[in-house]
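As you go down the protein sequences, you meet chains A, B, C and D in turn.
Going by numbering that gives the first Met the number 0, the first sequence opens with residue 0, and the numbers climb by one from there.
Going by numbering that gives the first Met the number 0, the second sequence opens with residue 0, and the numbers climb by one from there.
Going by numbering that gives the first Met the number 0, the third sequence opens with residue 0, and the numbers climb by one from there.
Going by numbering that gives the first Met the number 0, the fourth sequence opens with residue 0, and the numbers climb by one from there.
Here a beta-carbon is modelled for each residue, glycine too, at the ideal position from N, C-alpha and C.
Here is the structure we will look at.
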Amino acid sequence: MDLSLSTRTEGDRTVVTVGGEIDVYTAPKLREQLIDLVSSGNYDLVVDMENVDFLDSTGLGVLVGGLKRVRAHEGSLRLVCTQERILKIFRITGLTKVFPIHASVDEALSATD
Amino acid sequence: MDLSLSTRTEGDRTVVTVGGEIDVYTAPKLREQLIDLVSSGNYDLVVDMENVDFLDSTGLGVLVGGLKRVRAHEGSLRLVCTQERILKIFRITGLTKVFPIHASVDEALSATD
Amino acid sequence: MATVEVSFTALPAHVRTARLVALAVARRAGVDDDLLDEVRLAVGEACSRAVGIHQSKAPEDPVVMRLIDEQDQFTVEVVDIGPLEASVSPGDLDLDADALAAPAPRDAGSDPLPELLPPGFGLAVISGLVEQMGVTSEVDGTHVRMTWPSHDVMAPTAD
Amino acid sequence: MATVEVSFTALPAHVRTARLVALAVARRAGVDDDLLDEVRLAVGEACSRAVGIHQSKAPEDPVVMRLIDEQDQFTVEVVDIGPLEASVSPGDLDLDADALAAPAPRDAGSDPLPELLPPGFGLAVISGLVEQMGVTSEVDGTHVRMTWPSHDVMAPTAD
Ligand SMILES: Nc1ncnc2c1ncn2[C@@H]1O[C@H](COP(=O)(O)OP(=O)(O)O)[C@@H](O)[C@H]1O
Ligand SMILES: Nc1ncnc2c1ncn2[C@@H]1O[C@H](COP(=O)(O)OP(=O)(O)O)[C@@H](O)[C@H]1O
């Protein structure tokens, strides 16, 4: 299965809905999407990963890159994920300390921490 | 996908419904099934292949073996198949001349030629 | 030129693995969806044949399948250690329908019947299916090569 | 002992092929369904790492993955031609969360940012996931070996 990407604006935040597999093959597409968003002025991103069924370290690297880019503009990058097998990867790698992870898009949209 | 097999009696004929893939890996199971039927006195077989999604020459060999075994008892082996990709294999190999191929189980059950 | 080579112990189960890989790589190499069924069947025939030959002659030697993705074509090559069937050149298989439909002996028992289909039958299926196919006998064994047109979609993705 | 060996040109697309094959063979070798996600991820990490190394050092050399199905265990071995990352022994990865979250330069442009994750990160993921794993440096390169328990279901089917 391939990667699917769609974006929408919610107030002053931008929700990126990702589906499928984020791996060494598809990660470049996600990176491009994040870079495009930042360069067109979207600095507060919510990445909805509820439909992601595979995520590897290449994908994690792209998310870290996105975070650094929005931070360059005092922005934020929040993740939405409740899938245990995806959360596990963030936990193993300690990246739970780097990304705010929310249980729903609504929660991520209203979060201010 | 694996092979699925089920049998039922219809009058004096026995319908074998086959699903999945008939290949070098699963063909032995189909062969056993046909041998069991013949050795328990079922000599008029209708093999319903409408749910078969893969058939290779190992599978063809098993069907030919079944035919020879029922013929040893003046029986018959009829096939039910309308799927073009399966029919093609019978056509390529000339086995359309060996097996009566029907468009439905009903047709196969009432055939007498 | 992107290539995948799979070598596997001669077991029926691995024919499924080979089919799965060939199908996935063919799809990604840009072989038309319409042709994928043909790829699946032809690769299955070539590998089943090779597994059968190895099981009887050299069960320890792996069967080799090569998937070669070139600009506008996709080739699968299956190599087995056996000699090419002497008598049957693929394509000119002439089945004897009466012999095939002839009754088995009543005391055939439950062993597989011998010689149901003539040697070379699998190759004949392939040559009936695949426009561009060839079989050659080389020092390392018999090579079955099958080629399908493709449009290149698997350009390396810069990372 | 049934074995499948896959060797592939170092391209991201083939990492998917390798994952697909490993998953299919693991399933058929009798690895528990619960563990299959782990197999998929670990194999993906090992192969992505190998592809990355080959792309920068030896793009023409194939990456090799071996799937070894033994009585009660299933092993995947991925071999790349590179030396083992010197400093990071898998498992003792100590990510600097602040550094990771540090802003990129505003003029970073659209090229990938350098060194987002430390070398050895992929191996650390594997060692965090897979109970039985080992990395060794051998003459032909680095071998990443991962083993899972299995119950033997792939007995050769008599034909
Ligand atoms: N084209 C492919 N080639 C190799 N592996 C694939 C391919 N597509 C999916 N996979 C892998 O195979 C497994 C099954 O994936 P799935 O998305 O159901 O396959 P497909 O899209 O080909 O129907 C996943 O682990 C995935 O990583
Ligand atoms: N476990 C497997 N290993 C190798 N190939 C397989 C396997 N299962 C199916 N295939 C092949 O892969 C293709 C997709 O089959 P499918 O039945 O959808 O797979 P699965 O049963 O693994 O979900 C078919 O061509 C089939 O021959």
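Check                                                                                                                                                                                               : Outcome
Listed from N- to C-terminal order along the chain, which residues in the segment 30-48 of chain B have their beta-carbon within a distance smaller than 8 angstroms of any beta-carbon of chain C? : 30, 31, 34, 38
Kindly indicate which three-state DSSP category residue 13(D) falls into: helix, strand or coil?                                                                                                    : helix
Within 10 angstroms of its Cβ, does residue 32(A) collect 16 or more other Cβ (buried), or is it exposed?                                                                                           : buried
Determine which residues share a DSSP beta bridge with residue 90(A) and list them.                                                                                                                 : Answer by DSSP bridge pairing: none, since residue 90(A) is not bridged.
Taking C-beta to C-beta, are residue 110(B) and residue 102(C) nearer than 8 angstroms?                                                                                                             : no
Are residue 17(B) and residue 46(B) closer than 8 angstroms when you measure CB to CB?                                                                                                              : yes
From residue 25(C) to residue 150(C), what distance separates their C-alpha atoms?                                                                                                                  : 11 angstroms
So is residue 7(C) in contact with chain D if we call contact Cβ pairs under 8 angstroms?                                                                                                           : yes
If you follow the beta strand (DSSP E) that residue 13(A) is in, where does it begin and where does it stop?                                                                                        : 12-21
Can you give me the C-alpha to C-alpha distance between residue 56(A) and residue 121(D), rounded to a whole angstrom?                                                                              : 6 angstroms
Have a look at 29(D), 134(D), 7(D) and flag the residue whose alpha-carbon is nearest the alpha-carbon of residue 119(D).                                                                           : 134(D)
Taking only runs of the alpha helix (DSSP H) that begin and end inside the segment 23-73 of chain B, which ones reach a length of at least 4 residues, in chain order?                              : 26-38, 56-70
If you draw a straight line from the C-alpha of residue 63(C) to the C-alpha of residue 79(B), how long is it?                                                                                      : 36 angstroms
Compile a chain-ordered list of the residues in the segment 78-108 of chain A whose CB is closer than 9 angstroms to at least one CB of chain D.                                                    : 84, 87, 88, 90, 91, 92, 93, 94, 96, 97, 98
Helix, strand or coil, according to DSSP, for residue 150(D) in the structure here?                                                                                                                 : coil
In chain C, which residues lie less than 9 angstroms from residue 112(D) when you measure between Cβ atoms?                                                                                         : Going along chain C, no residue has its Cβ under 9 angstroms from residue 112(D), so there is no contact; the nearest lies around 12 angstroms.
For residue 108(D), which residues does DSSP report across the bridge?                                                                                                                              : Partner(s): none; residue 108(D) has no beta bridge.
Can you list the residues of chain A that residue 26(D) reaches, using a CB-CB cut of under 7 angstroms?                                                                                            : Ordered by position in chain A, no residue passes the 7 angstroms Cβ test against residue 26(D), which lies about 16 angstroms from the chain.
Check each candidate in 6(B), 42(B), 19(B) and name the one with the smallest Cα separation from residue 50(B).                                                                                     : 19(B)
Kindly indicate which three-state DSSP category residue 33(C) falls into: helix, strand or coil?                                                                                                    : helix
So, do the segment 42-54 of chain D and the segment 32-43 of chain C have three or more beta carbon pairs nearer to each other than 8 angstroms?                                                    : no
Assuming residue 12(C) and residue 96(B) make a contact with CB atoms under 8 angstroms, what is their CB distance in whole Å?                                                                      : Incorrect: roughly 33 angstroms between the Cβ atoms, too far for contact.
Using three-state DSSP, classify residue 103(A) as helix, strand or coil.                                                                                                                           : coil
Using 8 angstroms as the threshold, is the segment 137-145 of chain C in touch with the segment 64-78 of chain C, meaning 3 or more CB pairs across them?                                           : yes
Run through chain C and tell me which residues come within less than 7 angstroms of residue 66(B), C-beta to C-beta.                                                                                : 100
Using only CA atoms, which one of 76(B), 38(B), 11(B) lies nearest to residue 63(B)?                                                                                                                : 76(B)
Verify whether the separation of the beta carbon atoms of residue 73(D) and residue 3(C) is less than 8 angstroms.                                                                                  : no
Does the Cβ of residue 159(C) have 16 or more other Cβ atoms within 10 Å, making it buried, or fewer, making it exposed?                                                                            : This structure does not reach residue 159(C), given that chain C is present from 0 up to 158, and the question cannot be answered.
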